[in-house]
Each structure stands twice: as structure tokens, then as C-alpha cells.
Amino acid sequence: MDKLLGNKFITRDSEKTFQDLSKDAVITLYFSAHWCPPCKSFTPKYSQVFNAVNNEEKRRLEVIFVSLDRDQEEMLEYLESCPFMALPFSDKKRIEYLCRKFQVTGIPLLVVLNKDGSVASMDGRGDVMRLREGVVDYWEKLINHPETVTLEERGGAVSFKRFRIGK
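In the UniProt record's numbering, the protein residues as written are 1 to 167.
This is how it looks when you write it as C-alpha cells:
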């Protein structure tokens, strides 16, 4: 997964590396921007969830903010309002790669990753809005035991990646 995310992150007051991520935590990519009204509305809600599920002893959720801001100053100002790690604004190639890989066509977009860096959910935002603090329990189940997740738990959404047509 470090090949996907790189090894350098920033927070509002320090620098972090891939090794600083909790090995047991659910890892999410949060594509967002300072200028985006829906992002400004969702970020405080997601920050609340982040703060509610993490404590000094255990981090259950890691958020990597992928900024789509126009400049570094806007990005850093936005980062001040949330407790997340972020890809450095200067890592443009990685940001562009992640936008292509996850087909980012609109923001906010919250992607939940499996341990190998593949996608567990492309609807992390919907999951957060539906489940609030319970979302991490759902994501852990989705990542560790996907075959046990019911359609009702998915909020009625079906992942077509799990179905094969033909042989």
C-alpha cells in the first residue's frame, strides 16, 4: 500500500511517514478541496467520526486527505480545520495518479481501501452519512469479512465487482 500512497504525509503540525499509519486501522482516501461547498459541509462530520473512533491507545481509522485545492495555501488552511493526514500538495504526480486510479469526477469523494490498496467501498461518504460513528465497524466487516455483509448493511447498494457473468 505504501507504493500507492507514498511515504510522506503532513498534518496541521507535523510530518508523518507510511510507518506512522496504524497497521490495524481502516485506511480511507478523502478527495476534497477548500473551495467545495459540499466538502466544507462533510468535513466536520467526518472529523467528528474520526475523533470519536480514535484514541491514544488505538487508532481504528486513518484518513489521507488528497487535496484538489488550487494552491498550497488553500490546502494548508483547509487542513487546519481537520485532524487528518494529507499528501503533500507538492506531490502532484501522486495526486493526479490517485485521481485517475479512483476515477475522481466529483468531490467530496471518500474511498475505503482494503489492506492491499484495492477498493473496499467507493461510497465512504454515503456510509458515513448513514452510519456515523458505526461506520468503522461496518468498514472493518466489509474489509475482513465481505461475504457476511448484507444488502441491508450496504444501504441497499450492490457491489457489481462481486458478481461474474458467465464463466
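Ideal placement from N, C-alpha and C gives every residue a C-beta, glycine not left out.
Predicted model only: the values in this text are computed from it and were never measured.
Neighbourhood of residue i by C-beta distance below 8 Å, restricted to the same chain and skipping five residues each side
| i | result |
| --- | --- |
| residue 15 | 8, 9 |
| residue 107 | 31, 32, 33, 36, 38, 39, 68 |
Endpoints, the alpha helix (DSSP H) within which residue i is located
| i | result |
| --- | --- |
| residue 171 | With the chain covering only 1 through 167, there is no way to say anything about residue 171. |
| residue 107 | Taken as a continuous stretch (DSSP letters only), residue 107 belongs to no alpha helix (DSSP H), as it is neither H nor E. |
| residue 23 | Taken as a continuous stretch (DSSP letters only), residue 23 belongs to no alpha helix (DSSP H), as it is neither H nor E. |
| residue 76 | 72 to 79 |
Residue span of the beta strand (DSSP E) that contains residue i, given as start and end
| i | result |
| --- | --- |
| residue 28 | 26 to 32 |
| residue 9 | 8 to 10 |
| residue 16 | 15 to 17 |
Cβ neighbour criterion (16 or more within 10 Å) applied to residue i
| i | result |
| --- | --- |
| residue 90 | exposed |
| residue 164 | Annotation note: pLDDT 47 at residue 164 (below 50); position unreliable, coordinate value reported separately. Residue 164 comes out exposed. |
| residue 96 | exposed |
| residue 117 | exposed |
| residue 155 | exposed |
Contact set for residue i: own chain, Cβ-Cβ below 7 Å, skip 5 residues either direction
| i | result |
| --- | --- |
| residue 132 | 49 |
| residue 59 | 22, 25 |
| residue 2 | 18 |
(request) Spell out a yes or no on whether the region 47 to 54 and the region 70 to 83 are touching, meaning 3 or more CB-CB pairs, one atom from each, closer than 8 Å. (result) yes
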